[in-house]
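Numbering (the UniProt record's numbering), first residue to last: 1 to 709.
For each residue, glycine too, the CB sits at the ideal point set by N, CA and C.
See structure below.
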Ligand SMILES: [Zn+2]
């Protein structure tokens, strides 16, 4: 995925939308170079607004000096370098590292002497920088640059990009604040908050944390900064501020309508919102501010209780890629952006750091295994931005403008390429979501059960926890603790095997396995059990005592099929059911069940309250699809993946043959309406595949929520 994305950033993927990301950095670097040679003769560009997404008049010949793409195009690089950093930490690759170093040289050459680094304004005119924080994403670019720089530094030990990110952050810190002469603004698109917390942790510089705290607390303070900014822009440029009498809170879209401590409903652009809540959670944890802690808990509850899809998706409406009102969760019109599910994982992980409660882990797991994975084809080469829970290709793809945001097959790349590199950086750092270490260093939490190993210092002893897990298809596995000098950053301090650590290993008890009742499925292996005490708290099993090298914990979580109903306030799902097993949500596709999926009706009696009528069948899912257009859109390579499918007792409603439009006038017609009578049905077995695997076999109908009776 990483090499593919590098080609995309350099506009080298045939058939894909151009990114212009590296083009812009090169243009800015060239401008810097000519400034250096021309000295005082250099005339900087004066700002002219060229649109939120500027494209070359002749796509074959972009002007080498001009900025193209979205105002936040620089973040494509930042997300890519972040994924590279995580990847190199685990899989050294000299060629990739050399490519990345070259890219970093170009990016750093684009940075201005004062530290500013956003090619949009560098190329379009610095005279107007920081005049449209609301929409022009400069501080969003800062946030992503920091995240990328930190990951690359941690993965390689190389600090060139980190220093560039610090210089940009320093410049922002000296320009922003409530002091006289500073801008009392904050990011239009949040992410800088959580990024600055990371930067402070990595550099040990408190000033970056202070800037994060400032952004969190200042947001939404009266008089509203964005409104003042909008009015100033009207005065300067004659456009941009249009008060809307129908929208009393126009800045709610940016979560900037009131201070966060007064907010209790998740509103506005979903990715912005949840990136912000994640940043607030960081600041709340580190400041222990009760008002901020209360705010993030309330916002979490609002999302989970009223605005969350069963797939872990959030942001129900396409209008502004935003949260809709409570319980408005349309399936076919869903937006459910891949990035928003990623943001939810960020938020959940930070809530887990505040207070380890299994619900945070449950939601994080659901988001990761369903909507995030759905965002990418099984061959890793095409992507969904929008993740609906119901698709009829004719409506979504061909006929109805209301569905223009819904794609029926994954796309190779997007001009607005937020999601693909976001998946890359998440997938490459997924261990950070699976495990956390308590602040005192004595408790290692396992939130997600995925095979692999994690090294850390537990109660002062360098250890590796090696996990073998059958998730998401089986709940069985084994976590072995090894005392290892190799696992530690400081090998000279490593103790030799045979030492003991008095510490706690804490394991999430997943809701799908029965929650706290599932504690019985977790056992300390062998005689070690005599040294370890067991305690359950907030959905985690705490195993505490003297751990020795080689000790292991075995688990075998039950993974029953669950038939799920929705709160009846969600009008779309009344009379419908969905199926989940373990962390996986299932979906019916036309490939397996025929089209007109609205006539596939789950026979709930045959299913049974305990779902004993449903068979969970391991099988090899064979992906593979030809493109639906001349650009190869929707192409998927023929990869095979072991999965589990569900065979569900169902009924098929008989559908009479459709009358052809050109049928003779006296031909028998199928009426649109007729007197009610119980529908004729035949018993069938519905085949449900994991939701994340849909649209890997070409275009087809798909439904998560099935009619039931
Ligand atoms: Zn996205």
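{"Check": "Completely contained beta strand (DSSP E) runs for the segment 407-476, where each covers 3 or more residues", "Outcome": "435-437, 443-446, 452-458 and 461-469"}
{"Check": "Distance between residue 440 and residue 494 (C-alpha atoms, nearest Å)", "Outcome": "Bear in mind that the predicted position of residue 494 carries a pLDDT of just 40, short of 50, making it unreliable; the figure below should be weighed with that in mind. About 19 Å."}
{"Check": "Own chain, CB closer than 8 Å to residue 68, minus 5 neighbours either side, in chain order", "Outcome": "18, 20, 23, 24, 54, 55, 56 and 62"}
{"Check": "Neighbourhood of residue 381 by C-beta distance below 6 Å, restricted to the same chain and skipping five residues each side", "Outcome": "none"}
{"Check": "Nearest-angstrom Cα separation, counted from residue 544 out to residue 496", "Outcome": "Confidence is the limiting factor: at residue 496 the pLDDT is only 47, short of 50, which leaves the residue's position unreliable, though a coordinate-based value still follows. Those two C-alpha atoms are separated by around 21 Å."}
{"Check": "Whole-angstrom distance between residue 514 and residue 605, CA atom to CA atom", "Outcome": "23 Å"}
{"Check": "Every unbroken beta strand (DSSP E) within the segment 13-67, with a cutoff of 3 residues, ordered by chain", "Outcome": "none"}
{"Check": "Residues near residue 329 by beta carbon distance below 7 Å, same chain, minus five either side", "Outcome": "309, 316, 570 and 572"}
{"Check": "Own chain residues within Cβ distance below 8 Å of residue 402, not counting five before or after", "Outcome": "333"}
{"Check": "Neighbour-count burial assignment, residue 174, 16 or more Cβ in a 10 Å radius", "Outcome": "exposed"}
{"Check": "beta-carbon residue 339 near ligand 1 non-hydrogen atom, thresh 6 Å", "Outcome": "yes"}
{"Check": "Those residues which DSSP pairs with residue 204 across a bridge", "Outcome": "Answer by DSSP bridge pairing: none, since residue 204 is not bridged."}
{"Check": "Residue span of the beta strand (DSSP E) that contains residue 650, given as start and end", "Outcome": "640-653"}
{"Check": "Ligand 1 heavy atom lying under 6 Å from the CB of residue 141", "Outcome": "no"}
{"Check": "Nearest-angstrom Cβ-Cβ length linking residue 276 and residue 390, presumed shorter than 8 Å", "Outcome": "Going by Cβ atoms, the distance from residue 276 to residue 390 rounds to 29 Å, so no, they are not a contact pair."}
{"Check": "Cβ shell of residue 511 (< 6 Å), same chain only, five flanking positions each side left out", "Outcome": "362"}
{"Check": "Spatial neighbours of residue 313 in its chain, beta-carbon cut-off 6 Å, leaving aside the 5 residues before and after", "Outcome": "336, 341, 371 and 387"}
{"Check": "Residue 371 in three-state terms, based on DSSP", "Outcome": "helix"}
{"Check": "Where residue 90 falls, given that 16 or more other Cβ within 10 Å makes a residue buried", "Outcome": "exposed"}
{"Check": "C-alpha gap between residue 623 and residue 12, whole angstroms", "Outcome": "25 Å"}
{"Check": "Assigned exposure category for residue 197 - 16 Cβ within 10 Å defines buried", "Outcome": "buried"}
{"Check": "Simplified DSSP assignment, three categories, for residue 631", "Outcome": "coil"}
{"Check": "Any non-hydrogen atom of ligand 1 within 6 Å of residue 21 CB", "Outcome": "no"}
{"Check": "Three-state secondary structure assigned by DSSP to residue 117", "Outcome": "coil"}
{"Check": "Backbone CA spacing between residue 579 and residue 600 [nearest angstrom]", "Outcome": "14 Å"}
{"Check": "Alpha-carbon to alpha-carbon, residue 92 and residue 492", "Outcome": "Model confidence at residue 492 stands at a pLDDT of 43, short of 50, so the residue's coordinates are unreliable and nothing is read from them."}
{"Check": "Helix, strand or coil at residue 709 according to DSSP, with G and I counted as helix", "Outcome": "coil"}
{"Check": "Cut-off 6 Å between Cβ atoms - residues of its own chain near residue 703, not counting five sequence neighbours on either side", "Outcome": "390, 588 and 597"}
{"Check": "Neighbourhood of residue 532 by C-beta, 6 Å cutoff - its chain only, sequence neighbours within 5 removed", "Outcome": "524, 543 and 545"}
{"Check": "Supposed contact pair residue 279 and residue 190 - C-beta distance, whole angstroms, cut 8 Å", "Outcome": "6 Å"}
{"Check": "Same chain only: Cβ atoms within 7 Å of residue 52, ignoring 5 sequence neighbours per side", "Outcome": "70 and 71"}
{"Check": "Neighbour-count burial assignment, residue 629, 16 or more Cβ in a 10 Å radius", "Outcome": "exposed"}
{"Check": "Endpoints, alpha helix (DSSP H) assigned at residue 683", "Outcome": "Looking at the DSSP string, residue 683 is not in any alpha helix (DSSP H); the run it does join, the beta strand (DSSP E), is 681-690."}
{"Check": "Where residue 670 sits in the DSSP three-state scheme", "Outcome": "coil"}
{"Check": "Beta-carbon contacts of residue 726 that lie in its chain and below 8 Å, excluding the five residues immediately before and after", "Outcome": "Nothing in the structure corresponds to residue 726, since the chain is present only between 1 and 709."}
{"Check": "The segment 687-695 / the segment 655-664 touching (three or more Cβ pairs under 8 Å)", "Outcome": "no"}
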